[in-house]
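Contents: one structure, followed by commentary.
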Amino acid sequence: MSASVALPRPARLNPMDLVRAGLTGVVGRPARAVLSALGIGIGVAAMVAVLGISAASQAKLADQLNALGTNLLKVRAGNTLFGAKSKLPVNAVDMAKRIGPVQVATGTGEVPDCAVYRSDLADPRATGGITVLAAKVDLPGTVGASLAAGQWLNAATSKYPAVVLGAKSAQQLGIDHPGAQVYLGKQWFTVVGILAEVPLAPELDRAALVGWDVAGARLGFDGHPTTVYERSTEKSVDAVRAVLGQSVNPEHPEEVAVSRPSDALQAQLAAKSTFLTMFLGLGAVALLVGGVGVANTMVISVLERRSEIGLRRALGAGRGQVRLQFLTEAVLLSGLGGLFGVLLGLAVSIGYALSNDWPAVLPLPAIAAGVGASMLIGTVAGWFPASRAARLPPNAALAAG
Numbered sequence: 461m462s463a464s465v466a467l468p469r470p471a472r473l474n475p476m477d478l479v480r481a482g483l484t485g486v487v488g489r490p491a492r493a494v495l496s497a498l499g500i501g502i503g504v505a506a507m508v509a510v511l512g513i514s515a516a517s518q519a520k521l522a523d524q525l526n527a528l529g530t531n532l533l534k535v536r537a538g539n540t541l542f543g544a545k546s547k548l549p550v551n552a553v554d555m556a557k558r559i560g561p562v563q564v565a566t567g568t569g570e571v572p573d574c575a576v577y578r579s580d581l582a583d584p585r586a587t588g589g590i591t592v593l594a595a596k597v598d599l600p601g602t603v604g605a606s607l608a609a610g611q612w613l614n615a616a617t618s619k620y621p622a623v624v625l626g627a628k629s630a631q632q633l634g635i636d637h638p639g640a641q642v643y644l645g646k647q648w649f650t651v652v653g654i655l656a657e658v659p660l661a662p663e664l665d666r667a668a669l670v671g672w673d674v675a676g677a678r679l680g681f682d683g684h685p686t687t688v689y690e691r692s693t694e695k696s697v698d699a700v701r702a703v704l705g706q707s708v709n710p711e712h713p714e715e716v717a718v719s720r721p722s723d724a725l726q727a728q729l730a731a732k733s734t735f736l737t738m739f740l741g742l743g744a745v746a747l748l749v750g751g752v753g754v755a756n757t758m759v760i761s762v763l764e765r766r767s768e769i770g771l772r773r774a775l776g777a778g779r780g781q782v783r784l785q786f787l788t789e790a791v792l793l794s795g796l797g798g799l800f801g802v803l804l805g806l807a808v809s810i811g812y813a814l815s816n817d818w819p820a821v822l823p824l825p826a827i828a829a830g831v832g833a834s835m836l837i838g839t840v841a842g843w844f845p846a847s848r849a850a851r852l853p854p855n856a857a858l859a860a861g
């Protein structure tokens with residue numbers, strides 16, 4: 461009875477040998493490898509860029525909210541029970557100031573039947589949608605407005621034909637510096653300032669603001685404010701909001717509308733999150749398509765390298781070693797594409813943020829997820845071709861080569 465001869469066990473490949481073997485397969489066909497990795501890279505770049513741009517945009521909005529504050533409340537005159545436009549009392553601003561936690565209150569009043577033109581020869585119907593508002597001198601500090609040029613109304617200029625234009629009103633009239641004349645209420649007013657855009661009071665962007673006194677003396681303003689703005693302490697905003705309507709208009713509190721302007725910016729944050737999900741879905745589709753490209757490349761690579769597989773098997777390489785070699789090659793191929801995609805996505809997001817004067821934010825979770833997703837895609841895409849290579853019999857593989 462003859463003794464059985466033990467077959468030698470295949471030598472184990474250490475991780476560095478696997479990486480070298482995988483890189484040899486990738487570098488050996490550079491054009492195909494670049495095209496395959498590009499599909500993965502585009503998907504990862506799209507996801508990183510979208511997350512980076514979204515993070516920068518949200519950081520900008522958050523900084524804006526922190527700078528402007530969320531403690532501003534706005535009261536507007538609504539409608540009566542019969543649908544007619546109501547009026548706030550003349551002393552509505554003073555009534556708002558009497559509420560305990562209120563720190564400051566101011567107001568604007570719409571001047572009816574009053575339009576602004578660049579010239580007295582302009583078409584009367586071409587108003588451009590600009591509203592003439594009587595304004596208190598403490599308006600900018602209350603609503604967080606700043607001047608792009610010139611100066612705001614003061615105790616002196618608010619009594620004379622001087623006007624401050626909102627950002628969009630100035631663009632509409634073609635005025636970019638103070639000192640110009642506009643035809644307002646059928647008389648000439650001098651532009652003393654131009655406001656920058658006011659995020660918490662966008663209605664001021666399309667307005668021409670004149671002093672409270674001159675509006676009453678020259679433009680027929682009746683002294684009733686149409687909007688009251690107030691700021692209170694952050695912790696008391698809800699309590700003030702509950703009593704603000706009946707405080708500024710005790711007789712008809714149902715005819716006023718109270719709102720919190722910062723809610724609009726917070727809604728923008730929520731809307732950006734919704735669009736973020738959609739764009740991430742598109743990036744995931746691109747990543748999936750790239751994974752299909754990697755799988756196709758690896759299948760072709762196995763078919764072309766059957767003689768190599770057969771020779772390795774004949775020299776003692778086990779099925780597991782062949783499987784690991786091709787699986788490592790697929791992971792490296794997609795991983796390199798993912799690394800390229802991360803760098804491209806970061807370049808796009810940082811460039812876009814800087815061009816819009818946003819803070820540049822590095823989305824670290826997106827970077828980690830991009831590289832991790834690309835390697836996971838490579839593992840899934842390379843499993844079938846690697847298993848197919850491992851199942852090739854040595855003699856059949858050598859005969860095919």
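Numbers in this note's numbering are just positions in the sequence shown, counted from 1, shifted up by 460. Yeah, the Cβ is synthetic: ideal placement off N, Cα and C, and Gly gets one too. No experiment lies behind these values; they were computed from the predicted model shown.
Remark: C-beta atoms of Leu498 and Gly750 approach each other more closely than 9 Å. In the DSSP assignment, Leu669 falls within the beta strand (DSSP E) that extends over 667-671. When only Cα atoms are considered, Leu593 and Ala522 end up about 30 Å apart. A straight-line Cα-Cα distance of about 13 Å links Tyr812 and Leu822.
Around the C-beta of Pro659, 16 or more other C-beta atoms lie within 10 Å, and the residue is accordingly described as buried. A straight-line Cα-Cα distance of about 25 Å links Gly538 and Gly560. Contact check for Trp612 against Gly653 passes: the beta carbons are separated by less than 9 Å.
In the pairwise beta carbon analysis, the region 583-592 is classified as touching the region 632-646: at least three pairs are separated by under 8 Å. Under DSSP, Ile654 takes part in a beta bridge, and its partners are Ala609, Leu625. Contact between the region 789-802 and the region 820-839 is present, with at least three C-beta pairs closer than 8 Å. Under the DSSP definition of a beta bridge, Gly588 lacks any partner.
In the DSSP assignment, the residues bridged to Val564 are Arg691.
Note on geometry: alpha-carbon atoms of Ala661 and Val745 lie some 41 Å from one another. In this structure, the alpha-carbon of Ala702 lies about 49 Å from that of Val504. Listed in chain order, the non-local C-beta contacts of Ala515 below 7 Å within the same chain comprise Val821, Pro823, local neighbours out to five positions each way being set aside. The alpha carbon of Ala575 has as its nearest neighbour, out of Ile513, Tyr620, Val670, Asp598, the alpha carbon of Val670.
If you draw a straight line from the Cα of Tyr620 to the Cα of Ala656, it is about 23 Å long. Beta-carbon to beta-carbon, Lys534 and Pro721 are separated by about 6 Å, close enough to satisfy the 8 Å threshold. Taken atom to atom, the span from the alpha-carbon of Val759 to that of Ala493 is near 13 Å.
The straight-line gap separating the alpha-carbon atoms of Ser579 and Asn531 is approximately 40 Å. Under the three-state reduction of DSSP output, Phe649 falls in the strand class. The three-state reading of DSSP puts Leu804 in helix, counting H, G and I together. For Val703, the uninterrupted alpha helix (DSSP H) segment begins and ends at 697-708.
Taking the Cα positions, Gly683 is about 16 Å away from Leu599. When beta bridges are read from the DSSP output, Gly569 appears opposite Ala594.
When the five nearest sequence neighbours on each side are left out, the beta carbons in the same chain lying within less than 6 Å of the beta carbon of Ala850 are those of Arg779, Val782, Arg783, in order along the chain. When Ser809, Val762, Arg666 are compared, the shortest CA-CA separation from Gly588 is found for Arg666. For Ser719, the enclosing beta strand (DSSP E) stretches over residues 716-719.
Between Ala829 and Met507, the C-beta spacing is below 9 Å. Judged by beta-carbon spacing, Ser809 lies within the 9 Å limit of Ile513, meaning their Cβ atoms are closer than that value.
Scanning Leu747, Asp554, Thr602, Phe649 for the CA closest to the CA of Ser692 turns up Thr602. From the listed residues Ala509, Val571, Gln518, Leu814, the smallest Cα separation to Thr686 is found for Val571. Close CB contacts of Trp843 within its chain, under the 7 Å cut and outside five residues either way in sequence, are with Leu787 (chain order). For Leu532, the enclosing beta strand (DSSP E) begins and ends at 532-537. No Cβ-Cβ contact shorter than 9 Å links Ser719 with Arg585. A distance below 9 Å separates the beta carbons of Gly801 and Gly501.
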